[in-house]
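With numbering that gives the first Met the number 0, you'll find the sequence shown wraps up at 342, consecutive numbering, no jumps. Glycine included, each C-beta is placed from N, C-alpha and C at the ideal position. Quantities reported herein were computed from a predicted structural model and do not represent experimental measurements. Below is one structure, written out as structure tokens, with a few remarks after it.
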Amino acid sequence: MANIIVPPGWRLPESLATPESVYWNRRRFIKGIGLGVAAVGLGACSQSSEGASSEGEEGVAVERPDHPLATIPDTPTRDLYPADASDRFTLDRPLTDRIVAATHNNFYEFTTDKDAVWEHTGPFQARPWTVEITGEVDRGGVFDVADLERQIGLEERLYRFRCVEAWAMAVPWTGFAFHELVRRVEPRSTARYVRFITFDRPDEAVGQREQDWYEWPYYEGLRMDEAMNELAFVATGIYGEPLPKQHGAPIRLVLPWKYGFKSPKSVVRIEFLQERPRTFWSDLRPDEYGFYSNVNPDVPHPRWSQSTEEMIGEDLERETLVHNGYGEWVADLYDAEVMRGIT
Ligand code: MTE
């Protein structure tokens, strides 16, 4: 299967292309018939979400959350939320509605159907959680996320967030600057890049189990100076509470000057490297997704314009801002070649 299917790209506006969710639902449907039971994902789309569990593949009971925020895992650091808000990051637009943000997600490990990601996260065990830090560092190791939250301390930041698909949101993230974590592991002078790797748990994530044309786990990367930039944020919460699973619980990156796919969710490993790492979407579609992928209205995606963006939950188009409006922090990191295109 994997070698005859061209991996789908990001979904286009419905008016421009057949959404891949149609294809994906069809595949699940066929699979469901083959098994003689409703496939997990098909059930989510066609049944009421009221029930606490339903019959999934091969008769195994699957916990199904009954509300988009019932997906916040039990969190031993709950007392740290809400954190104090930083006054350094202000917004030029209203905050996105919390439920809208929690029901419009890209997290292909579960499904490509944005509205339904939260419904599929039931089996996913997001706490307790550790992150392994390896490579060109003197003090790497395995770090418990709850310990990091307590030791580093949390703050809230209001950021714009821009997906490459031309939708955007403005949300309050809770977490800490990535450089705080980097400092603790003491990178060597040979560390020039950072690689992030997401979990690989097909038993808990139906999209990993069934979409075998993707090269799981999800992997992303940054240049060291990008990683050390003040804006690069490790989010453990959103809207004053720990992250719901669909937003990448319990720990994800947020890089607000880059397209959203550069911000990996539910990270399990961070590697400090000498060489530039490969990245998930660049490997799948090198002609469409580059390593840097900074938000830029002047460089269209090969299949759609990036000049405007739609704020989710609002019937409102806005002009896309260069670096998503964060040039003051990051513009001097890049030369013209990086900003011109897919590199
Ligand atoms: N991280 C993982 N592990 N898997 C994904 O599919 N999607 C990316 C990014 N991080 C993705 C991911 C994309 S394309 C976007 S736009 C954002 O997550 C969406 O974040 P949100 O759902 O919290 O809004």
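- In this model, residue 212 and residue 65 are separated by some 30 Å (Cα to Cα).
- Rounded to whole angstroms, the gap between the alpha carbons of residue 84 and residue 127 is 26 Å.
- Non-local beta-carbon contacts of residue 325 in its own chain, meaning distances under 7 Å to residues more than five positions away in sequence, involve 230, 255 and 256 in chain order.
- Within the same chain, 75 and 76 come within 6 Å of residue 145 by CB-CB distance, once the 5 residues on both sides are set aside.
- Taken atom to atom, the span from the alpha-carbon of residue 175 to that of residue 88 is near 13 Å.
- Pairing residue 170 with residue 177 gives a Cβ-Cβ distance that is not under 8 Å.
- Taking the Cα positions, residue 202 is about 20 Å away from residue 250.
- Here the C-alpha atom of residue 117 lies approximately 34 Å from the C-alpha atom of residue 224.
- Judged by DSSP in its simplified three-state form, residue 334 adopts coil rather than helix or strand.
- For residue 205, the enclosing alpha helix (DSSP H) has its first and last residue at 205-209.
- Remark: the shortest separation between the CB of residue 66 and any heavy atom of the ligand MTE does not fall under 7 Å.
- Here residue 277 has 218 and 220 as same chain residues with Cβ atoms under 8 Å from its own Cβ, once five neighbours each way along the sequence are excluded.
- In the DSSP assignment, residue 177 falls within the unbroken alpha helix (DSSP H) covering 177-184.
- Scanning 284, 137 and 228 for the CA closest to the CA of residue 184 turns up 137.
- Residue side-chain check: residue 100 places its Cβ nearer than 7 Å to a non-hydrogen atom of the ligand MTE.
- Put simply, of 338, 239 and 246 the residue whose alpha carbon is nearest the alpha carbon of residue 105 is 246.
- Excluding sequence positions up to five before and after residue 149, its CB lies within less than 8 Å of the CB of 76 and 79, all in the same chain and listed in chain order.
- The region 182-196 makes contact with the region 264-282, as at least three CB pairs between them are under 8 Å.
- Taken from the Cβ of residue 323, every heavy atom of the ligand MTE lies 7 Å or farther away.
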